[in-house]
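Undergrad: Heads up: the sequence lines are chains U, X and R, in that order.
Heads up: the first sequence runs through residues 1 to 267, numbered per my numbering.
Heads up: the second sequence runs through residues 1001 to 1261, numbered per my numbering.
Heads up: the third sequence runs through residues 2001 to 2325, numbered per my numbering.
Encoded as structure tokens, here's the structure I'll be asking about.
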Amino acid sequence: MTGLFDIYTTLFRTDLAVQFQYRAAMVIWLIGRVIEALVFLSVWTAVAESQGGQVGGFSAGDFAAYYIIMMMMGHLTFTWFMYEFEFRVRSGSFSPLLLQPLHPIHRDIAMNISYKFLTLVVMLPTMFLMVGLFDPTFNTPTWAVWAAVPVVLLAFLMRFFVEWALALVALWTTRTEAANQVYFAALLFFSGQMAPLALMPEWVQSLSALLPFRWMLAFPTELLLGRLEPEEVLQGLAAQVIWLGLAWGMMGLVWSRGVRRYSAVGS
Amino acid sequence: MSYLRLLWIFLRIGVMNELAYRANFWVQLLQSLVSMGVALAGLAVIFSHTEELGGWQPAELVALLGVFFLMSGLIGALVQPSMQRFMEDVRQGTLDFTLTKPEDSQVLVSISEVRVWKFLDVVQGAALIGWALAEIGLQTGFMHAASFAITLVAGAAIVYSFWLVLATFSFWFIKAENILVIFQAVYSAGKYPVAIYPRWLKMAMTFLVPVAFAVTVPSEALLGRLSTEVFWGALVMAVVMVVGARVFWLWGVRHYSGASA
Amino acid sequence: MSAVPAIAVRDLSKTYEVPVREGGLAAALKSLVHRQTRQVEAVKEIIFEVAPGEIVGFLGPNGAGKTTTLKMLSGLLYPSGGQCRVLGFEPFKRQRDYLRQITLVMGNRNQLIWDIPVLDSFERNRAIYRIERTAYQRTVDELTELLDLGPLLDKPVRNLSLGERMKCEVAAALLHKPQILFLDEPTIGLDVTMQRRIRSFLAEYNQRYGATVLLTSHYMADVEALCKRVVVIHHGQLLFDGQLSELVQRFSPHKTIVVELENEGSDLSVYGEVVDGVDGRVSLRVPKAETAQVTGRLLSEQAVLDLTVEDPPIEDVIEQVFAGV
Chain U
1 MTGLFDIYTT LFRTDLAVQF QYRAAMVIWL IGRVIEALVF LSVWTAVAES
51 QGGQVGGFSA GDFAAYYIIM MMMGHLTFTW FMYEFEFRVR SGSFSPLLLQ
101 PLHPIHRDIA MNISYKFLTL VVMLPTMFLM VGLFDPTFNT PTWAVWAAVP
151 VVLLAFLMRF FVEWALALVA LWTTRTEAAN QVYFAALLFF SGQMAPLALM
201 PEWVQSLSAL LPFRWMLAFP TELLLGRLEP EEVLQGLAAQ VIWLGLAWGM
251 MGLVWSRGVR RYSAVGS
Chain X
1001 MSYLRLLWIF LRIGVMNELA YRANFWVQLL QSLVSMGVAL AGLAVIFSHT
1051 EELGGWQPAE LVALLGVFFL MSGLIGALVQ PSMQRFMEDV RQGTLDFTLT
1101 KPEDSQVLVS ISEVRVWKFL DVVQGAALIG WALAEIGLQT GFMHAASFAI
1151 TLVAGAAIVY SFWLVLATFS FWFIKAENIL VIFQAVYSAG KYPVAIYPRW
1201 LKMAMTFLVP VAFAVTVPSE ALLGRLSTEV FWGALVMAVV MVVGARVFWL
1251 WGVRHYSGAS A
Chain R
2001 MSAVPAIAVR DLSKTYEVPV REGGLAAALK SLVHRQTRQV EAVKEIIFEV
2051 APGEIVGFLG PNGAGKTTTL KMLSGLLYPS GGQCRVLGFE PFKRQRDYLR
2101 QITLVMGNRN QLIWDIPVLD SFERNRAIYR IERTAYQRTV DELTELLDLG
2151 PLLDKPVRNL SLGERMKCEV AAALLHKPQI LFLDEPTIGL DVTMQRRIRS
2201 FLAEYNQRYG ATVLLTSHYM ADVEALCKRV VVIHHGQLLF DGQLSELVQR
2251 FSPHKTIVVE LENEGSDLSV YGEVVDGVDG RVSLRVPKAE TAQVTGRLLS
2301 EQAVLDLTVE DPPIEDVIEQ VFAGV
């Protein structure tokens, strides 16, 4: 176990050094994310105003709070490996990874966490700036903040495994855009990114309870907005744990199949 | 006219190239349909809660979406791939090859790469526009159609010039490509009418990343809600940007050739 | 004296399915609907063994199957047929204990991280291969000395020249003291000085640590300098496996006599096959057995200013080998 700890600290340290050099790109990426949140926020604020101040239990201030938190949750849980893997396979840099006595997922976990560590430095002030600009309404009870710790952690792990499995599609085909797009479309609708799930049609809400996306983003967001009762939080945690197991299993399966296929065909 | 012939040749090569990869067509078709589906579904959710958004009716927003896709298709098929290829060339240092050719360098750079299948977005956009117009029951008189066509061309010219300016910057800043991320984000805000955004974002969408001129203005023209001032403003903007971008480009080329001599 | 080979390969084969694509618009349109494939036998039933500590050179033109064979031996590719054992393991299983004992270096492919100092990349390997710190430090010092890495260690890889980068790549690949080195075109793209440097390093490394080295190259100089034993592969088949000198002997029974005469223009075709005749320097190809005799005759019958006897360049020999198939 000390071997793995040493590996993670070394990878983490060197990844930080690399990513720091791309800080301009990081900031620009963050601006893109902020604009994205702003688009939804503006749309729903306009809808709320046209309906006399609120829609489906959300006022303009509620929407502001929702999208600011959603932006943060999205940031804490996102990955980019579906693009990274396509690049790796295409450039031939995937093969050397197979010949190292370390499962490639560890490198990626370290890379992901170190990236978020760095960007948090800019993301936190940005969040405060947005709070200043948009006057959101927060009703978060203290216990919810504590509960958010395991919830966000589980959301992160769950999303990581699901998206890593998606990234492995690159081992079968270089045409990963279609799969990625379908995934992100599903994520958009069922995770609460597009609109709070309470505002979505009935069938979307029912379906989203069965899919993992809600537990990645909407659940932590609603928790931190103080919109969930303790029982609901416990149920959500259970759903997260189940989905974590499913995601982990699926990822393992896709990995072993993918590597077998890659080794049969070469790059 | 030799430039038209050049364009035709490049298009044909581009098409043949793309046809060799049969999957590209199906992938692009799927992608176009998915993005249209997602956008329409989004509109459906919004309009389950309200009857108008920022002063626009549902069918009008579908028309806006149609213009959005139409413009995306044009940019994605012709402008963006060429400009990205150009920026890549500058980064790799393989640009000198293009600059020593006898034809006008701006033309060459602008048509160097074509993504034929992106035209599916144009078709899709046109279909949405058609449906929306029928739904609204709008009589498109000659004036309407003309002002739509003009503002569309002006919008396209403005976006093209914007890209050219961006590309020219990469003579000096190799990492100019990162700006693409912001472009994508701001451009996608153009799916909704500019009116709903906070002032500063409205400004950014008008003068920084001119998506307002590319999408909202032609849509307004199409739907007959375009004010005369904005119409002339768009034309003036187009002329200013086309001329300005070309001047900037020529200056950049001269500077670059001088530097690497 | 170990009788167990480090590498044992029997009837090893690899077949790929490759899409068939024809040119022209009509064929391109047709391919939108129906895709054809054909079988390509990259490697056909190869058999050989390598003893521990040997340096073996794989020779063959591009597409001959050298890299494919190397990939199967290192564990990147599954064989389609036959079997191979390296250090007693089946490579394609990629067991941790196996991976810790091998290394694969591919010329012009970077495994080092571009933006950080070389030493940081080394550190990553140290952690990943779980090398004990004191042993690691010792290895780094040894490799730094052997390869002259001192000034390079603190520089980000992107600031290094191609040759410097290659030295560091090789060093990084050896930090865990692997017993087997798979090298695919390690000197490609390097200038002559650097090529020689890498070659002498590999020879030294093999001497010191007894590592087994499998090397593919199409630079004859690599093979000549390092490998006593060569394996020639062409069209996926093993054409020759043995000493390099034997290869020359078997496939090239000639020697070249280069003569410089006082009077240009003499016809020397009576002595042997005239291969080249420029500015009074005539090259004669002569059967090996007759070399001494022809040399003697030339010296006594002609006004000779200078005379040398040369082996044919090995490239020519190899060409002969391939031509013969």
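We put the CB at the ideal spot given by N, CA and C, even for glycine.
Which residues, in chain order, does the segment 92 to 106 of chain U contribute to contact with chain R at a C-beta distance below 7 Å?
TA: Under the 7 Å Cβ criterion, the segment 92 to 106 of chain U contributes 92, 95, 96, 98, 99, 100, 101, 102.
Undergrad: Which same chain residues end up closer than 8 Å to residue 2199 of chain R when comparing Cβ atoms and leaving out the 5 residues on each side of it in sequence?
TA: Here the set comprises 2187, 2221, 2222, 2225, 2226.
Undergrad: If we ignore side chains and look at the alpha-carbon of each, how far apart do residue 1124 of chain X and residue 2066 of chain R end up?
TA: Answer to the nearest angstrom: the Cα atoms are 50 Å apart.
Undergrad: Return helix, strand or coil for residue 187 of chain U, following the three-state DSSP convention.
TA: Correct three-state label for residue 187 of chain U: helix.
Undergrad: Can you tell me where the alpha helix (DSSP H) holding residue 2282 of chain R begins and where it ends?
TA: Not the alpha helix (DSSP H): residue 2282 of chain R falls in the beta strand (DSSP E), residues 2281 to 2287.
Undergrad: Cβ atoms of residue 1071 of chain X and residue 1195 of chain X: under 8 Å apart, would you say?
TA: Contact: no.
Undergrad: Strictly under 8 Å for the Cβ-Cβ distance: is residue 43 of chain U near chain X by that measure?
TA: Cβ-Cβ to chain X under 8 Å: yes for residue 43 of chain U.
Undergrad: Name, please, each residue of chain B whose Cβ falls closer than 9 Å to the Cβ of residue 11 of chain U.
TA: Absent here is chain B; the protein component of the structure consists of chains U, X and R.
Undergrad: Rounded to whole angstroms, how far is the Cβ of residue 2175 of chain R from the Cβ of residue 2139 of chain R, which I believe are closer than 8 Å?
TA: With a Cβ gap of about 6 Å, residue 2175 of chain R and residue 2139 of chain R count as contacting.
Undergrad: Count the other C-beta atoms from every protein chain shown that fall within 10 angstroms of the C-beta of residue 2269 of chain R, then say buried if there are 16 or more, exposed otherwise.
TA: Exposed, since its Cβ has fewer than 16 Cβ neighbours within 10 Å.
Undergrad: What residues from chain U crowd round residue 2109 of chain R, counting only those whose CB sits closer than 8 Å?
TA: Neighbours of residue 2109 of chain R on chain U, chain order: 92, 93, 96.
Undergrad: Spatial neighbours of residue 259 of chain U within its chain, please: C-beta separation below 8 Å, excluding the five flanking residues on both sides.
TA: Cβ neighbours of residue 259 of chain U beyond the five flanking positions: 98, 171.
Undergrad: Inspect the CB distances between the segment 2244 to 2261 of chain R and the segment 2081 to 2098 of chain R and report whether three or more fall short of 8 Å.
TA: Short answer: they don't touch.
Undergrad: Taking only runs of the beta strand (DSSP E) that begin and end inside the segment 1076 to 1127 of chain X, which ones reach a length of at least 3 residues, in chain order?
TA: For the segment 1076 to 1127 of chain X, not a single whole beta strand (DSSP E) run of length 3 or above is found.
Undergrad: Could you name the residues of the segment 1049 to 1079 of chain X whose beta carbon sits closer than 8 Å to any beta carbon of chain U, in the order they occur along the chain?
TA: So the list reads 1049, 1050, 1051, 1052, 1053, 1054, given in the order they occur along the chain.
Undergrad: Whole angstroms are fine: how far does the CA of residue 138 of chain U sit from the CA of residue 175 of chain U?
TA: Looking at the two C-alpha atoms, the distance is approximately 43 Å.
Undergrad: Check whether the segment 2099 to 2119 of chain R and the segment 2038 to 2046 of chain R touch, using three or more Cβ-Cβ pairs below 8 Å as the test.
TA: They do not touch, by the three-pair rule.
Undergrad: Measure the C-alpha to C-alpha separation of residue 2155 of chain R and residue 90 of chain U and round it to an integer number of angstroms.
TA: Cα to Cα, residue 2155 of chain R sits roughly 28 Å from residue 90 of chain U.
Undergrad: Let me know the secondary structure DSSP gives residue 35 of chain U once reduced to three states.
TA: It is helical.
Undergrad: Report the three-state DSSP secondary structure of residue 2304 of chain R (helix, strand or coil).
TA: In the structure shown, residue 2304 of chain R sits in a strand (DSSP, three-state: E or B).
Undergrad: Quick one: using the 10 Å Cβ neighbour count with 16 as the cut-off for buried, is residue 1164 of chain X buried or exposed?
TA: Under this definition residue 1164 of chain X is a buried residue.
Undergrad: Going along the segment 2066 to 2094 of chain R in order, which residues come within less than 8 Å of chain U, judged by CB to CB distance?
TA: Residues 2068, 2071, 2074, 2075, 2076, 2077, 2078, 2092, 2094.
Undergrad: Here's the rule: buried if 16 or more other CB atoms are within 10 angstroms of the residue's CB, otherwise exposed. What is residue 1255 of chain X?
TA: Under this definition residue 1255 of chain X is an exposed residue.
Undergrad: Is DSSP giving residue 54 of chain U helix, strand or coil here?
TA: DSSP places residue 54 of chain U in strand when its eight states are reduced to three.
Undergrad: In chain X, what lies closer than 9 Å to residue 54 of chain U by C-beta?
TA: The contacting residues do not exist; residue 54 of chain U stays about 10 Å from chain X at best.
Undergrad: With distances taken Cα to Cα, identify the nearest neighbour of residue 1184 of chain X among X:1052, X:1053, X:1075.
TA: Minimum Cα distance to residue 1184 of chain X is reached at X:1075.
Undergrad: Where DSSP assigns a beta bridge to residue 2155 of chain R, which residues make up the other side?
TA: Note: residue 2155 of chain R sits in no beta bridge, so no partner.
Undergrad: Quick check on residue 1061 of chain X: does DSSP put it in helix, strand or coil?
TA: Of the three classes helix, strand and coil, the one that applies to residue 1061 of chain X here is helix, per DSSP.
Undergrad: Can you give, in chain order, each stretch of the alpha helix (DSSP H) that sits fully within the segment 1137 to 1213 of chain X and has at least 4 residues?
TA: Here the runs fully enclosed are 1142 to 1169, 1179 to 1188, 1199 to 1203.
Undergrad: Between residue 2099 of chain R and chain U, is any beta-carbon pair separated by less than 8 Å?
TA: Yes, its Cβ sits closer than 8 Å to a Cβ of chain U.
Undergrad: What do you reckon, are the CB atoms on residue 2164 of chain R and residue 2183 of chain R nearer than 8 Å?
TA: No, they are not a contact pair.
Undergrad: Quick one: any contact between the segment 1137 to 1155 of chain X and the segment 1229 to 1247 of chain X, if contact means 3 or more CB pairs under 8 Å?
TA: Yes, the segment 1137 to 1155 of chain X touches the segment 1229 to 1247 of chain X.
Undergrad: Give the range of the alpha helix (DSSP H) segment to which residue 252 of chain U is assigned.
TA: Run containing residue 252 of chain U: 230 to 265, per the alpha helix (DSSP H) assignment.
Undergrad: For residue 108 of chain U, would you say it is in contact with chain R, using Cβ-to-Cβ distances shorter than 8 Å as the test?
TA: No, because no Cβ of chain R sits closer than 8 Å to the Cβ of residue 108 of chain U.
Undergrad: Which residue from X:1055, X:1224, X:1166 puts its Cα closest to that of residue 1085 of chain X?
TA: Nearest option by C-alpha distance: X:1166.
Undergrad: Output the distance between the C-alpha atoms of residue 109 of chain U and residue 165 of chain U, rounded to the nearest integer angstrom.
TA: One C-alpha to the other measures close to 13 Å.
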